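Enquirer: These protein sequence lines are chains W and U, in that order.
Letter 312 of the first sequence, counting from 1, is numbered 312 in this note's numbering, and no numbers are missing.
Letter 221 of the second sequence, counting from 1, is numbered 538 in this note's numbering, and no numbers are missing.
Note that the Cβ used here is the ideal one computed from N, Cα and C, for glycine as well.
Bear in mind the structure is a predicted one, so any value in this text is a computation, not a measurement.
Please find one structure pasted underneath; my questions will follow.
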Amino acid sequence: MGIAYHQRLAPLVAVRMWCQVPAPSAIDLHVDNMMHTLKKLFLPLLFVGTLVLTGCEANNMDDETTTLMLRLQPTVGTQDLSSDPATVYTIGDQNLTFGSARMYISEITLLRDNGEEVTFTGETITVPAKNENDETITHTTSDLFILAKHDAGDEMFTLGEVPAGVYEGVRFKLGITGTNNNIDPSQVPAGHPLAKQTDKNNHWSWNAGFIYLRIDGLLDLDGDGTVETSDEAGWNVHLGTPNFAQVIELDETFTLDGDGMQTLHLIADYARFVEDVDFSDPAQRICHTMNNLPVAQKVAADISGAFMLHGIHDGHN
Amino acid sequence: METRRCAWLLIALAVCIAGCDALSASEEPEVVQVTVPDGFDPVPIPAFNPLTAAKVELGRQLFSDPILSRTEAVSCASCHEATRFFIDGKPRSIGVEGREGLRNAPSLLNVAYQRLLFWDGGSQTLESQVLAPLENEAEMDLPLDAVLERLMNHPDYPTRFVEVFGEGPSIPTLTQAIAAFERTLVSTGSRYDRFQTGDTQALTTLEREGEALFFGRAQCSTCHSGFLLTNQQFENNGLRPTEADSGRARITLNPQDVGRFKVPSLRNVAWTAPYMHDGRFATLEAVVAHYDAGGEGTQNQHPRIQPLHLSTQEKDALVAFLHTLTDEALIP
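Below is the structure:
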């Protein structure tokens, strides 16, 4: 059984569910003027929500929930990841730097000890997408996507409300599959993770699909401990297309105590992504998935081993 | 100059603005209808990007504005010239700083009907396509954050965008404006259309002989069919492949798609030389000679591409027929 929570309305919806108060009904979403709709919707919802919240506190002490955050900490082996061009890492025998370090995570699911699965929802978007016959369709999704821009630092993400209790693991996908991968990112509102990013490309305009893993940088070709800036010294792995999306399951028991906010702390070790790529071979330096399937396959095979569940922390750090 | 030409073009393209007297009191924008004659499918306009006169005009201006390129010297119109049937006439396009791209620029006339864009079908919608040349190093080479910054710092664009979209320049609004303009680039008239709708005098005897060959023994219409003279499939017409460009296989990775390219529309083809995805043929005579020879016997060549054993007169007839597909209203 899946429990889905809408991120923004999560506290209201979740609590309403536990209290079994009927949902506010007959809200007409098909009003032309969006602002009008929002205003019309927001006040009653706020009102109902407040009532429900006060009502619940007294009655339902057992059904506690936690606001769960995600920290997806990027490392390179035992070091923190930095995209500073002066920070040279040694992976195998290769010295290199990271310029880009970004990934898409979707379908995050917590596995409860009672067999239930808890999934999360994000902002709802209704956008054009292509179906399997290449026809443009209107697609609505409330799925939660995370675009971790690790080259810009170690970010925190909001997952949503989850029931307190014992969990046996977490499962997620590196990548985006199904119709969601065929969304037209140029029409996704800025701020949503699937929106076309304006700083570094997150989507191949020459092919439907998001870039699931975008890592690149420079190599130290002469072995003197500093990287070269020539064209030959560039390396990159831009991995995409549904075949290469990877499901990662980290089976580790943890408890969410239902007391305010907690953080699920995962580690992504970027060294693992490239540990089997031999950058001394010029043919392995550039991989945009389609142009270099052998490298794409190597990287994809190493993805699930690159993630670790570090633990659960209270609060948001 | 370019601006004025474009304006007439829009009018010539039979874009009619629906009356909106009833709505004038409210703030509903005028909706533009693109009308096409019988025999043409209605122009597909996605519900999320309705055409309004102000939006089309904004898109037209953006399409011709070189500030969207890094060097401020290249606009969409540099490679898709309104006065040249929206091509650049070069075998392969030249972008910023004289950089040569991989492929020949197709005409954008009737592009609204294209199911997939680019010679390999690698672009999915007219909206998202806009971003490809902006970012492409061999075309306009300007990162998208710089594109948006330039638009937001422009003296006019921010207010124009707000008037059209109720919000300023953004990736969705920029792409919608240009795509809306492109959907109005419809070319429907030609002597061949007049012939088909009953004007038996519209084609000469030679041209009619060419038509018969095209739809008959030469089997061109296996692939060049329908009102655009394309089945919109990816086919291999027997061109010697180049290592740089595997065609549809770039997208599908399927070895059977190596050397397959989107079948181009043949409307206005007499004005869109040079031909093929890399502009390898300078004339229609060379194209017909290629088909007459039965292609070059390449891997994945379509079985219908076979030696045709055409006489000189038959080759002339085919070329003459291709000339009847020109929309004469667009000849500069």
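Note the first and the last residue of the continuous beta strand (DSSP E) segment covering alanine 129 (chain W).
Expert: In the first sequence, residue 129 (chain W) corresponds to position 129, counting from 1. Per DSSP, alanine 129 (chain W) belongs to the beta strand (DSSP E) from 121-130.
Enquirer: When you compare the CB of proline 189 (chain W) with every CB in chain U, is at least one pair closer than 8 angstroms?
Expert: Mapped onto the first sequence, residue 189 (chain W) falls at position 189. With 8 angstroms as the cut-off, proline 189 (chain W) counts as an interface residue toward chain U.
Enquirer: Among W:Ser304, W:His139, W:Phe254 and W:Gly315, whose alpha-carbon lies nearest the alpha-carbon of proline 185 (chain W)?
Expert: Position 185 of the first sequence, counted from the start, is the residue given in the question as residue 185 (chain W). Ranking the options by Cα distance to proline 185 (chain W), first place goes to W:His139.
Enquirer: In chain U, what lies closer than 8 angstroms to asparagine 201 (chain W) by C-beta?
Expert: Indexing the first sequence from 1 puts residue 201 (chain W) at position 201. Those within 8 angstroms of asparagine 201 (chain W) in chain U are Glu452.
Enquirer: Assuming phenylalanine 380 (chain U) contacts serine 392 (chain U) (C-beta within less than 8 angstroms), just tell me the rounded distance between them.
Expert: If you number the second sequence from 1, residue 380 (chain U) lands on position 63. If you number the second sequence from 1, residue 392 (chain U) lands on position 75. At roughly 7 angstroms, the Cβ-Cβ gap stays under 8 angstroms, so phenylalanine 380 (chain U) and serine 392 (chain U) are in contact.
Enquirer: Using the DSSP secondary-structure output, state which residues sit across from tyrosine 167 (chain W) in a beta bridge.
Expert: Your numbering for residue 167 (chain W) matches position 167 in the first sequence. Its beta-bridge partners are W:Arg112 and W:Phe254.
Enquirer: Just tell me which of U:Leu461, U:Ser504 and U:Ile488 has its CA closest to the CA of threonine 643 (chain U).
Expert: Position 326 of the second sequence holds residue 643 (chain U). Selected option, being the one with the closest Cα: U:Ser504.
Enquirer: Looking only at its chain, what residues have a beta carbon closer than 6 angstroms to the beta carbon of phenylalanine 512 (chain U), apart from the 5 residues adjacent to it on each side?
Expert: Here residue 512 (chain U) refers to the residue found at position 195 of the second sequence. The residues are Ala519 and Leu520.
Enquirer: Taking serine 106 (chain W) as the reference, give the member of W:Gly115, W:Asp63 and W:Thr119 with the closest Cα.
Expert: Within the first sequence, numbered from 1, the residue matching residue 106 (chain W) stands at position 106. When only C-alpha atoms are compared, the closest one is W:Thr119.
Enquirer: Quick one: which residues of the segment 243-262 of chain W get their C-beta closer than 7 angstroms to a C-beta of chain U? List them in chain order.
Expert: Listed by position, the residues of the segment 243-262 of chain W near chain U (Cβ gap below 7 angstroms) amount to none.
Enquirer: According to DSSP, is serine 385 (chain U) part of a helix, a strand, or is it coil?
Expert: Counting from 1 along the second sequence, the entry for residue 385 (chain U) is found at position 68. Checking the sequence shown, residue 385 (chain U) turns out to be leucine, not serine. Helix at leucine 385 (chain U).
Enquirer: Compare the C-alpha of asparagine 427 (chain U) against each of U:Pro581, U:Ile648, U:Ala463 and U:Gln536 and name the closest.
Expert: By 1-based counting over the second sequence, the position of residue 427 (chain U) is 110. Cα-wise, what sits closest to asparagine 427 (chain U) is U:Pro581.
Enquirer: May I have the straight-line CA-CA distance separating glycine 305 (chain W) from valine 299 (chain W), to the nearest angstrom?
Expert: Taking the first sequence and counting its residues from 1, the one referred to as residue 305 (chain W) is at position 305. Taking the first sequence and counting its residues from 1, the one referred to as residue 299 (chain W) is at position 299. Near 11 angstroms, if we compare the C-alpha coordinates of valine 299 (chain W) and glycine 305 (chain W).
Enquirer: Under 8 angstroms, do leucine 266 (chain W) and leucine 219 (chain W) count as touching if we go by C-beta distance?
Expert: Against the first sequence, residue 266 (chain W) aligns to sequence position 266. Against the first sequence, residue 219 (chain W) aligns to sequence position 219. In this structure, leucine 219 (chain W) does not lie closer than 8 angstroms to leucine 266 (chain W) by Cβ.
Enquirer: With a cut-off of 8 angstroms, does the C-beta of isoleucine 488 (chain U) fall near any C-beta of chain W?
Expert: Sequence index remark: in the second sequence, residue 488 (chain U) carries index 171 (1-based). Output row for isoleucine 488 (chain U): interface = yes.
Enquirer: Can you check DSSP and say which residues form a bridge with serine 106 (chain W)?
Expert: The residue labelled residue 106 (chain W) in the question sits at position 106 within the first sequence. Serine 106 (chain W) pairs with W:Phe145 and W:Lys173.
Enquirer: Taking the alpha-carbon of phenylalanine 244 (chain W) as reference, which of W:Asp93, W:Pro294, W:Gly311 and W:Phe98 has the nearest alpha-carbon?
Expert: Here residue 244 (chain W) corresponds to residue number 244 of the first sequence, with the count starting at 1. Nearest option by C-alpha distance: W:Pro294.
Enquirer: From leucine 29 (chain W) to serine 142 (chain W), what distance separates their C-alpha atoms?
Expert: Indexing the first sequence from 1 puts residue 29 (chain W) at position 29. Indexing the first sequence from 1 puts residue 142 (chain W) at position 142. With a pLDDT of only 31 at leucine 29 (chain W), under 50, the local geometry of the prediction cannot be trusted, and the value read off the model is given with reservation. The alpha-carbon atoms of leucine 29 (chain W) and serine 142 (chain W) are separated by roughly 16 angstroms.
Enquirer: Considering only residues of the same chain and omitting the five flanking positions on each side of leucine 419 (chain U), which have a CB-CB separation below 7 angstroms?
Expert: As a position in the second sequence, residue 419 (chain U) is number 102, starting the count at 1. Once the five neighbours on either side are set aside, the close Cβ partners of leucine 419 (chain U) are Arg409, Ala561 and Asp562.
Enquirer: Between the alpha carbons of histidine 316 (chain W) and glutamine 441 (chain U), how many angstroms are there, rounded?
Expert: What you label residue 316 (chain W) is simply residue 316 of the first sequence in a count that begins at 1. What you label residue 441 (chain U) is simply residue 124 of the second sequence in a count that begins at 1. Between histidine 316 (chain W) and glutamine 441 (chain U), the C-alpha separation is close to 40 angstroms.
Enquirer: Tell me where the alpha helix (DSSP H) around methionine 290 (chain W) begins and ends.
Expert: Position 290 of the first sequence holds residue 290 (chain W). Here methionine 290 (chain W) belongs to no alpha helix (DSSP H), and DSSP marks it neither H nor E.
Enquirer: Using a C-beta cutoff of 8 angstroms, does serine 186 (chain W) count as contacting chain U?
Expert: Your numbering for residue 186 (chain W) matches position 186 in the first sequence. Yes, serine 186 (chain W) counts as interfacial toward chain U.
Enquirer: Quick check on the DSSP output: the beta strand (DSSP E) that includes methionine 349 (chain W) runs from which residue to which?
Expert: Residue 349 (chain W) is absent from the structure shown; chain W starts at 1 and stops at 317.
Enquirer: Got a sec: is the Cβ-Cβ distance from proline 128 (chain W) to anything in chain C below 8 angstroms?
Expert: Absent from the structure: chain C. Protein chains present are W and U.
Enquirer: Report yes or no: is there a C-beta of chain W within less than 8 angstroms of the C-beta of glutamine 441 (chain U)?
Expert: As a first step, residue 441 (chain U) is located in the second sequence; it is residue number 124 there, counting from the start. Glutamine 441 (chain U) counts as touching chain W.
Enquirer: By Cβ distance below 8 angstroms, which residues in the same chain neighbour aspartate 113 (chain W) in space, the five residues on each side in sequence not counted?
Expert: Here residue 113 (chain W) refers to the residue found at position 113 of the first sequence. Closer than 8 angstroms at the Cβ level, and outside the excluded window around aspartate 113 (chain W), lie Gly165, Val166, Tyr167, Glu168 and Thr253.
Enquirer: Please name the residue or residues paired with phenylalanine 402 (chain U) in a DSSP beta bridge.
Expert: Residue mapping note: residue 402 (chain U) aligns to position 85 of the second sequence, counting from 1. BP columns for phenylalanine 402 (chain U) are empty, so no partner.
Enquirer: May I ask you to report which of helix, strand or coil DSSP gives glutamine 297 (chain W)?
Expert: For the purposes of this step, residue 297 (chain W) is taken as the residue at position 297 of the first sequence. Glutamine 297 (chain W): helix per DSSP, three-state reduction.
Enquirer: Which one of W:Gly258, W:Met69, W:Thr255 and W:Trp235 has the shortest CA to CA distance from valine 274 (chain W)?
Expert: Taking the first sequence and counting its residues from 1, the one referred to as residue 274 (chain W) is at position 274. For the residues W:Gly258, W:Met69, W:Thr255 and W:Trp235, the minimum Cα distance to valine 274 (chain W) belongs to W:Trp235.
Enquirer: Using the beta-carbon count (16 or more within 10 Å), is threonine 388 (chain U) buried or exposed?
Expert: Against the second sequence, residue 388 (chain U) aligns to sequence position 71. Classification for threonine 388 (chain U): exposed.
Enquirer: If you reduce the DSSP assignment to three classes, tell me which class methionine 469 (chain U) lands in.
Expert: Along the second sequence, one-based indexing puts residue 469 (chain U) at 152. Looking at methionine 469 (chain U) - three-state DSSP - the assignment turns out to be helix.
Enquirer: Tell me, to the nearest whole angstrom, how far the beta carbon of methionine 103 (chain W) is from that of leucine 174 (chain W); I am working on the premise that it is less than 8 angstroms.
Expert: Position 103 of the first sequence, counted from the first residue, corresponds to residue 103 (chain W). Position 174 of the first sequence, counted from the first residue, corresponds to residue 174 (chain W). Indeed, because the Cβ distance is near 6 angstroms, the residues count as touching under 8 angstroms.
Enquirer: Is any beta-carbon of chain U found at less than 8 angstroms from that of methionine 290 (chain W)?
Expert: Within the first sequence, numbered from 1, the residue matching residue 290 (chain W) stands at position 290. Cβ-Cβ to chain U under 8 angstroms: yes for methionine 290 (chain W).
Enquirer: If you compare alpha carbons, which of W:Leu147, W:Phe172, W:Glu155 and W:Glu161 is closest to lysine 196 (chain W)?
Expert: Mapped onto the first sequence, residue 196 (chain W) falls at position 196. Checking every option, the nearest Cα to that of lysine 196 (chain W) belongs to W:Leu147.
Enquirer: Can you name the residues of chain U whose CB is closer than 9 angstroms to the CB of alanine 283 (chain W)?
Expert: Translated into the one-based positions of the first sequence, residue 283 (chain W) becomes position 283. By Cβ distance, chain U contributes nothing, its closest Cβ being about 15 angstroms from alanine 283 (chain W), past 9 angstroms.
Enquirer: Going by CA-CA distance only, name the one from W:Arg272, W:Ala129, W:Asp231 and W:Gly225 that's closest to proline 282 (chain W).
Expert: Locating residue 282 (chain W) in the first sequence gives position 282, counting from the first residue. Ranking the options by Cα distance to proline 282 (chain W), first place goes to W:Asp231.
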